Amino acid sequence: MQHSQGFDKKEDQSSVSVHIFHLQTPSLRLLPAFNFERIGFHVLELNLDNSKISYLPCGLHNQLPLLETLSINANDLSLLPEDIGHLYNLKELSLKDNNISILPEALCRLSKLKILDADCNKLTKLYNEIGQNLSLEMIKVNGNILRRLPATFGLLANLRVLEANDNQIDLLPSTINFLENLRILKLRNNRLTTIPPSFGELEKLSHIDLSDNGLRHLCETFKSTATLEYLDLDMNKLTLFPDWFKHLENVRIISMKKNYLSNGAVQDGFGLVSKKLKILDLSGNALTHLPESVGHLESLQILLLGTTCQNQNKQNYFQIGNWLESLPLSFIYLTSLTKLHIEDNQLRVLPEEFGRLINLEELYLGSNMFAVLPGSFTKLSSLKQCRLSKNRLEFLPDDFGNLEALIELCLDSNKIKVLPLSMKNLKNLEILNLSENRILFVPEEIASGMIKLTTLKLSHPKTNSQEDGSIDDSVLETNIKDCEEDWDIDLTVSSSGDGVQCFDKEVRITSGTIGDTCVVGQFDLDGEESSIKSALPLPGQFDSFGNSNSSFHLSHLNWLPFNHHKPKILQHLFNVEEHIPGQFDSAEDAL
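The opening residue of the sequence shown carries number 0 in numbering that gives the first Met the number 0; numbering runs sequentially from there.
Shown next as structure tokens:
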């Protein structure tokens, strides 16, 4: 049995030696009958965490009369002894991660108790006379089965923190306004549908989390507008901002994603005084417009107006963002923005001076209706991640390559035919998604500048095959618009055995309709003496290739989207033809 005891000495102002006692063992079932008086010191703190204690003995107060802190977290306790109320000097009681279903009424005698932590138990209610614990400053009862707070709760005038997340609370006491020192209130994931009007009388709230309830409206008046810094109202049924939102002068974070906010929900005037707001999340609502006053949010760094769904595939079937058709003209003054998500809306145009948002690093504009980007778009010099998927873009600005900080660029599901030559300047680009466009390959003069590219996705066109399995190039050109399958190319740079940097990953062709994958080979696409390392037969049929024998014909390498590397690859395949399986016998014809 592993057993540890710790004694930490310290001196108080009267030079009386006091100690902290730690006892931890993985197999202890009940507290040993230590004779603390015989040891000859006063224990102020007793820590019994993670000791598998099933119950506490009675009479603990006789041996530990000066105990101030008792921590018995993560044990097997289902109840506490009634005489725990005689630990009159107790200031902190921590009971989290046990199986306690009820707290004894005797706890109300602990007049010096400041902290009560009973997280993650099985509490169905708190003791009725909790209001007698007038010194309480923090109550944590997260992860229980509480339905109501006692009527005496309002007597806790010194309470600063109340955390009761993940319970079943459906009503707050009307006396909540008497918690005059309450700063932090966390009631996430409960069953609240209303807030009592008296809630608005609280004057010192700085942090409110009422997310994941069923709230339909908030109190009409609110006296903590000058102190509130954090407000989380996610996943409720709220339809509008109350008028007092316009007076939140010190708020830093407002999150109201997945509510019922719609036309007119964000009232004109919101933002005029909230000069310190840094994060605003209104994702997954039904907003149709924003007021011009939002342009006054001069400190705003993160603005989320898009979808709450992380799975992009689900975005194909239903609207899960907002319904914004345009952005206010004042939007260009949000120059502190670093992260902007407006995907899955109905936007057709961006403000002409959108490029003034020079601090933007992450921009999601997918699933909108953009046909063109404003000329100023290429002034977003800090942009690292840009997603423009599922729009109607036919071309990009000629100077798109000015976005040299780009690391990820998603342009899939548009109508782009040609890439601007300036994209060769995207030397930091690592991920480029061009699938479901009208582009078959990245021209050599562009790709040669993308020295950090590791992932490229291009469309795989449907074609007719010749009888011998070869591909007619003219058919490739005319059928680009009928793209149905995707190329998924992995170009991760690695080192070869001789230390030369090379593209040492296999070139993979994945059929989007069949799901088969062909490993064409592993090539050094940079070295002067490139050579094939492997060539494997196709594991299944690609009807578009015309293969009836489940094999991959060398001529199919004409499909490789890396047009500037293809001749080198084919030449090396031809040079080592004798080492390649029989289905590559017509290598010379392929060249």
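In this text, a Cβ means the ideal position worked out from N, Cα and C, and glycines have one as well.
Small disclaimer: the values here were computed from a predicted structure and weren't measured.
Option in the options with minimal Cα separation from residue i
i    : options                   : result
N344 : K90, P149 and T307        : T307
S427 : P419, K416 and G400       : Residue 427 is actually Asn in this sequence, not Ser. Of the candidates P419, K416 and G400, the one whose C-alpha sits nearest the C-alpha of N427 is G400.
I52  : N74, L66 and T68          : N74
L593 : S412, G305, L418 and F394 : Residue 593 lies beyond the range of the chain shown here (0 to 590); nothing can be said about it.
S223 : S447, L59, N176 and L112  : N176
T193 : P350, F152, L232 and H85  : L232
E81  : L65, L109 and N249        : L109
N440 : L418, I450 and K451       : In the sequence under discussion, the amino acid at residue 440 is Phe, which differs from the Asn named in the question. If we check each option's Cα against that of F440, L418 comes out closest.
H295 : L455, L339, S329 and K416 : S329
Y126 : T453, R215, N367 and L79  : L79
S421 : I438, N432, S447 and I430 : S447
E136 : L178, E429, T151 and A150 : L178
F240 : V250, A264, H340 and K416 : A264
E228 : R215, I253, L237 and L217 : I253
T454 : L431, I438, R437 and P442 : L431
L43  : L55, L271, K277 and L86   : L86
N61  : L154, G84, P442 and L339  : G84
R386 : L271, K423, K456 and E342 : E342
L276 : L237, V293 and L289       : V293
P350 : N424, P442 and P327       : P327
L302 : I319, I278 and P196       : I278
N258 : T238, V250 and R251       : T238
Neighbourhood of residue i by C-beta distance below 7 Å, restricted to the same chain and skipping five residues each side
i    : result
F353 : I331, P373, S375 and F376
I144 : K121, L122, T123, N166 and Q167
N358 : T334, S335, L336, T337 and S381
D398 : T377 and S421
I129 : C107, P149, T151 and F152
H598 : It is not possible to answer for residue 598, since the shown part of the chain is limited to 0 through 590.
K423 : G400, E444, I445, S447 and G448
L452 : L428, E429, L431 and L490
P195 : L171, S173 and I175
Beta-bridge pairing of residue i - partner residues as DSSP gives them
i    : result
H206 : I183 and Y229
E162 : K139 and K185
T287 : Partner(s): none; T287 has no beta bridge.
E407 : Q384 and I430
K338 : I301 and E361
R147 : L170
S93  : S70 and D116
I253 : L230 and L279
CB contact flag (residue i, residue j, <8 Å)
i    : j    : result
Q167 : R146 : yes
N189 : N157 : no
E435 : S458 : yes
F221 : W243 : yes
S335 : E360 : no
S273 : E248 : yes
K90  : D116 : no
D169 : N141 : no
T226 : L204 : yes
I450 : E429 : no
L76  : N98  : yes
N235 : L214 : yes
A163 : L191 : no
L402 : L433 : no
S134 : K113 : yes
Sequence-distant residues of its chain with Cβ nearer than 6 Å to residue i (five each side left out)
i    : result
L148 : P172
N321 : N284, L286, L304 and N344
K256 : D233, D280, S282, G283 and T307
L395 : P419
I207 : L184 and L230
S388 : G365, C409, D411 and S412
L92  : L69 and L115
R159 : E136, N180 and R182
Q384 : E361 and E407
L161 : I138 and L184
Proximity test, residue i beta-carbon vs the ligand SAM heavy atom, cut-off 7 Å
i    : result
A117 : Ligands in the displayed structure: none, and consequently the ligand SAM is not present.
Neighbourhood of residue i by C-beta, 8 Å cutoff - its chain only, sequence neighbours within 5 removed
i    : result
A370 : R347, N390, R391, L392 and E393
M368 : Q345, L346, R347, N390 and R391
K416 : E393, F394, N436, R437 and I438
K414 : R391, L392, E393, N436 and R437
D267 : P290, E291 and S292
Any chain B beta carbon closer than 8 Å to residue i
i    : result
D231 : Among the chains of the structure shown, chain B does not appear; only one protein chain is present.
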